[in-house]
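Below: one structure, written as structure tokens.
Number of protein chains: 2
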Amino acid sequence: MHATPSSTPSTTLTFTTEQPLDDGVLERRFTLNDVPGILWTPPSATPSAPAPLILLGQPGGLGMDRMYPRLVGRARHAASAGIATVALEGPGNGDRPPLPGADQARADLRTTLAAGEPVPDDLVDRLVLPLVDQAAPEWQAALDALLALPGIAGPVGYSGGLIALGVRLALVEPRIVAAGLFAGSYVPRATFKEARRVTIPVHVLLQWDDEGNDRQAALDLFDALGSTEKTLQANLGGHTGVPAFAGDDAGRFFVRHLR
Amino acid sequence: MHATPSSTPSTTLTFTTEQPLDDGVLERRFTLNDVPGILWTPPSATPSAPAPLILLGQPGGLGMDRMYPRLVGRARHAASAGIATVALEGPGNGDRPPLPGADQARADLRTTLAAGEPVPDDLVDRLVLPLVDQAAPEWQAALDALLALPGIAGPVGYSGGLIALGVRLALVEPRIVAAGLFAGSYVPRATFKEARRVTIPVHVLLQWDDEGNDRQAALDLFDALGSTEKTLQANLGGHTGVPAFAGDDAGRFFVRHLR
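These protein sequence lines are chains A and B, in that order.
Taking the working numbering, the leading residue of the first sequence gets 1237, the next gets one more, and so forth.
Taking the working numbering, the leading residue of the second sequence gets 1237, the next gets one more, and so forth.
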């Protein structure tokens, strides 16, 4: 347990636990001010050979503990290519205080879905945008602190399921040079507009038979992205059934752009 | 130059030229009855360790000689994974006699496109189906002959740009266990119906910004495929600008299913 002063005066990064995994990956839990997070670094990362970093985004509503098995799997996969990864508890997730309006928005979503009605744009905005507006600067503050650590350096990638957050970060955070987006969340209208201004390489993963996901919205979002290198990969297997080969392809996308 | 009796009495496979390429790949031109073709075998292929085989389909209207640079590139790529490849001159292509009705269908297509009108279904049928109906049994006869050669064995894959031919072969030819389809040709209505009955793994490559291709038809075709393992990969780069990494991903698809 030790504290490292961060590069911005208002942010304090405090490591709370440190655990080596069996494959030599170092897992460290931390808090960034009051936001919990987990950092995984590959055994190859040293101060003289620092690792690139991937931000592991999570869907809204699911806390980091519930997502841990999938997060650590992705962390080990990246570490095998010499890449560090980090997860942050999202605003309103886990033990963090609820976001204003989030409970009401989720209740409205349940009512809408139970009635078999389409989810209106303004409800998507209420569900997603407050989360993105708060999470994006938290991730940027995390980057400030983590890139100051020995053994971690850029370039940085974003990989995750909250498409609106990935698009926002791809747009506003110049240290992020590549984004892997998992299509499986509601996409606010503003995100389509932001997507047109994204220029970094993007890899979009879509589960074609994911009944809870709006396939056309994912295709429209892919079409809107302004990047000259963008890849859409669609597979079967349902929301959580991304085939192993698709994970490998996504991993190679990050290796191409981060190593 | 030598002749090999084929496994069906009516088919004669005659090798006409034999040329080792600089990377050890053996390129042999042949005729199968009156159909010219090219066979590429990797240096690793021996009678005791025979290679799998990929059929390299070509778009209608472009002869094998004009396609040679791209074909040999794909052949070398497959050979580097120990896989043999074969190209056949399509019906009506190169020096082969024109298909009945093909000139009229192409003239009608030019008129339709010049008028800025959508291509009607019956014209797509006239453009594509006669080619598929003749090419599919030719490919099957080629398989009979080629799989009888020392150094070549199954399993067999189909990889190519004439989607209707790939779907037909995937449906009627049980020796084909995996198909890579390049979306860039007109898709007849009958092909959508056949696609629903396809069950082998399929990898569909779509150039998202290919202005001459009907993107929605490609998405509908992917949706229609009955396979439980199917992947759609879409990229930018125009009709002929498939990124190298996408070719590598397609190559890994065949290695997964043929090796």
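A virtual CB, placed ideally from N, CA and C, is assigned to each residue, including glycine.
Predicted model only: the values in this text are computed from it and were never measured.
For the alpha helix (DSSP H) containing residue i, list its first residue and its last residue.
i          : result
Tyr-1304/A : 1300-1315
Ala-1431/A : 1425-1432
Val-1491/B : 1480-1494
Gln-1178/A : Here chain A comprises residues numbered 1237 to 1495, so residue 1178/A is not present and cannot be evaluated.
Arg-1451/B : 1451-1460
Ala-1378/A : 1357-1382
Ala-1400/B : 1399-1408
Thr-1347/B : 1338-1350
Would you call residue i buried or exposed, if buried means 16 or more other Cβ atoms sit within 10 Å of its Cβ?
i          : result
Ala-1350/A : exposed
Tyr-1422/A : buried
Pro-1437/B : buried
Ala-1285/A : exposed
Pro-1424/B : buried
Asp-1446/B : buried
Gln-1340/A : exposed
Thr-1321/A : buried
Gln-1452/B : exposed
Gly-1448/B : exposed
Pro-1386/B : exposed
Pro-1241/A : Note on Pro-1241/A: pLDDT 47, under 50, position unreliable in the model; no value is reported.
Work out the CA separation of residue j and residue i for me, nearest whole Å.
i          : j          : result
Ala-1315/A : Lys-1466/A : 24 Å
Phe-1428/B : Leu-1461/B : 8 Å
Ile-1274/A : Thr-1267/A : 8 Å
Ala-1415/A : Gly-1487/A : 11 Å
Ala-1317/A : Ser-1463/A : 25 Å
Asp-1270/A : Asp-1380/A : 16 Å
Pro-1278/B : Ala-1378/B : 19 Å
Val-1364/A : Leu-1401/A : 9 Å
Ala-1454/B : Gln-1443/B : 10 Å
Ile-1388/A : Pro-1256/A : 17 Å
Asn-1329/B : Arg-1310/B : 20 Å
Asp-1485/B : Arg-1312/B : 15 Å
Asp-1357/A : Ile-1399/A : 16 Å
Thr-1435/B : Leu-1407/B : 8 Å
Lys-1261/A : Trp-1276/A : Per the sequence presented here, residue 1261/A reads as Val, with Lys not at that position. Each residue's alpha carbon lies about 6 Å from the other.
Gly-1299/B : Phe-1481/A : 35 Å
Gly-1337/B : Val-1491/B : 39 Å
Met-1237/B : Ala-1384/B : In this prediction, Met-1237/B scores a pLDDT of 40, lower than 50, which makes its location untrustworthy; no coordinate-derived value is stated.
Asp-1344/A : Glu-1430/B : 43 Å
Ala-1239/B : Leu-1324/B : Reliability of the predicted coordinates at Ala-1239/B is poor, the pLDDT of 46 falling under 50, and the value obtained from them is presented with this limitation in mind. Using only the alpha carbons, I get a separation of about 17 Å.
Gly-1397/A : His-1439/A : 12 Å
Ser-1246/B : Gly-1483/B : 37 Å
Tyr-1304/B : Leu-1441/A : 34 Å
Val-1478/A : Ala-1470/A : 9 Å
Pro-1283/B : Leu-1417/B : 30 Å
Asp-1369/B : Val-1392/B : 20 Å
Leu-1367/A : Leu-1291/B : 50 Å
Ala-1419/A : Thr-1476/A : 11 Å
Asp-1331/A : Gly-1293/A : 17 Å
Asp-1450/A : Gly-1473/A : 16 Å
Asp-1361/B : Gln-1376/B : 22 Å
Pro-1334/A : Ala-1426/B : 54 Å
Leu-1249/A : Leu-1382/A : 8 Å
Gly-1390/B : Ile-1412/B : 8 Å
Arg-1342/A : Glu-1353/B : 47 Å
On a Cα-Cα basis, can you pick out the residue from the options that is closest to residue i?
i          : options                                        : result
Tyr-1394/A : Leu-1289/A, Asp-1484/A, Gly-1299/A             : Leu-1289/A
Thr-1252/B : Gly-1260/B, Pro-1272/B, Ser-1246/B             : Pro-1272/B
Arg-1433/B : Asp-1446/B, Arg-1451/B, Ala-1454/B, Glu-1409/B : Glu-1409/B
Glu-1374/B : Pro-1424/B, Ala-1281/B, Gly-1299/B, Leu-1405/B : Leu-1405/B
Leu-1457/B : Pro-1479/B, Asn-1329/B, Leu-1262/B, Val-1403/B : Val-1403/B
Ile-1319/A : Gly-1448/A, Ala-1281/A, Ala-1384/A             : Ala-1281/A
Leu-1359/B : Gln-1469/B, Pro-1305/B, Thr-1347/B             : Thr-1347/B
Leu-1468/A : Thr-1476/A, Gly-1474/A, Phe-1489/A, His-1475/A : Phe-1489/A
Ala-1372/A : Glu-1353/A, Pro-1333/A, Pro-1327/A             : Pro-1327/A
Leu-1494/A : Gly-1352/A, Ala-1287/A, Asp-1258/A             : Ala-1287/A
From what residue to what residue does the beta strand (DSSP E) around residue i run?
i          : result
Ile-1388/B : 1388-1396
Trp-1276/A : 1271-1277
Gly-1416/B : 1412-1419
Leu-1441/A : 1438-1443
Per DSSP, which residues does residue i bridge with? Please list them.
i          : result
Gln-1255/A : Glu-1263/A
Ala-1470/A : Leu-1442/A, Leu-1468/B
Ala-1285/B : BP columns for Ala-1285/B are empty, so no partner.
Thr-1321/B : Trp-1276/B, Ile-1290/B
Leu-1268/B : Leu-1249/B, Val-1271/B
Consider the C-beta atom of residue i and the heavy atoms of the ligand FMN; say whether any pair is separated by less than 8 Å.
i          : result
Arg-1302/A : Summarising the ligand content, the structure contains no ligands, and the ligand FMN is consequently not present.
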